[in-house]
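Undergrad:
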Amino acid sequence: MDNIGRHKPGQNSVRAVIHETQTLVNGATVKLRLVDAIRINGVMIPKETFINGIASLSGERLRITVSSIRYRSQLFPVQLIVYDMDGLDGVRVPGAISKQVVQQSTDRELQGLGFNTVSSSMGIQAASLGVEAAKSFLSRKVKQVRVTVKAGYEVLLKDAKQKD
């Protein structure tokens with residue numbers, strides 16, 4: 172790792188926080204704030220500096236990558252990956268995709284379901300509702316699912332090129 176160093180020797184990550192509560196979709200910009208200083212190409216970037224990353228949802232993780240840091244009038248190309256405090260790549264957002272999609276699917280399907288039919292067809296309609304919800308679930312997993320991250324949520328930034 173020749174161009175990115177920690178302010179404190181021996182660390183292999185830099186602490187940061189989500190700067191403000193943000194509702195995000197795939198490709199959204201995530202505003203972060205450094206908790207620790209970081210040295211890039213000999214330039215000390217102080218704590219409290221704002222940096223931006225790009226969000227992507229994968230399962231129950233919101234992955235964030237930082238490809239550049241602007242400090243004063245300089246741009247520094249980097250390859251930083253955001254890790255949650257559980258040590259895994261990405262911010263943990265449990266159930267975010269499945270909860271939202273199932274709720275949207277069920278709401279839409281229940282609106283279209285007529286309850287004034289004979290009771291024998293209720294089983295068929297319920298089965299149809301389940302199939303439609305499952306189809307919708309699978310098709311929407313790749314669509315615009317929104318997740319909210321809270322201000323002050325602590326994360327770790329790690330250089331993707333660094334081998335430990």
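Each number in the working numbering comes from the position in the sequence shown (counting from 1) with 171 added on. For glycine and all other residues, C-beta sits at the position ideal for the given N, C-alpha and C.
Please classify Gly224 as buried or exposed, where buried requires at least 16 neighbouring CB atoms within 10 angstroms.
TA: Translated into positions along the sequence shown, residue 224 becomes position 53. Classification for Gly224: buried.
Undergrad: Under three-state DSSP, which class holds Thr220?
TA: The residue given as residue 220 occupies position 49 in the sequence shown. If DSSP states are grouped into helix, strand and coil, Thr220 belongs with coil.
Undergrad: Quick one: residues in its chain with C-beta nearer than 6 angstroms to the C-beta of Gln250, no 5 flanking neighbours on either side, listed in chain order?
TA: For the purposes of this step, residue 250 is taken as the residue at position 79 of the sequence shown. Hits under 6 angstroms: Ala331, Lys332.
Undergrad: In angstroms, rounded to a whole number, what distance separates the CA positions of Val264 and Ile209?
TA: Locating residue 264 in the sequence shown gives position 93, where the first residue counts as 1. Locating residue 209 in the sequence shown gives position 38, where the first residue counts as 1. Here the C-alpha atom of Val264 lies approximately 27 angstroms from the C-alpha atom of Ile209.
Undergrad: Where Thr220 and Glu325 are concerned, what is the direct C-alpha to C-alpha distance, given to the nearest angstrom?
TA: Within the sequence shown, the letter at position 49 stands for residue 220. Within the sequence shown, the letter at position 154 stands for residue 325. So the alpha carbons of these two residues sit roughly 15 angstroms apart.
Undergrad: For the beta strand (DSSP E) holding Tyr254, just list the boundary residues, first then last.
TA: Taking the first residue of the sequence shown as position 1, residue 254 is located at position 83. Segment 245-254, the beta strand (DSSP E) holding Tyr254.
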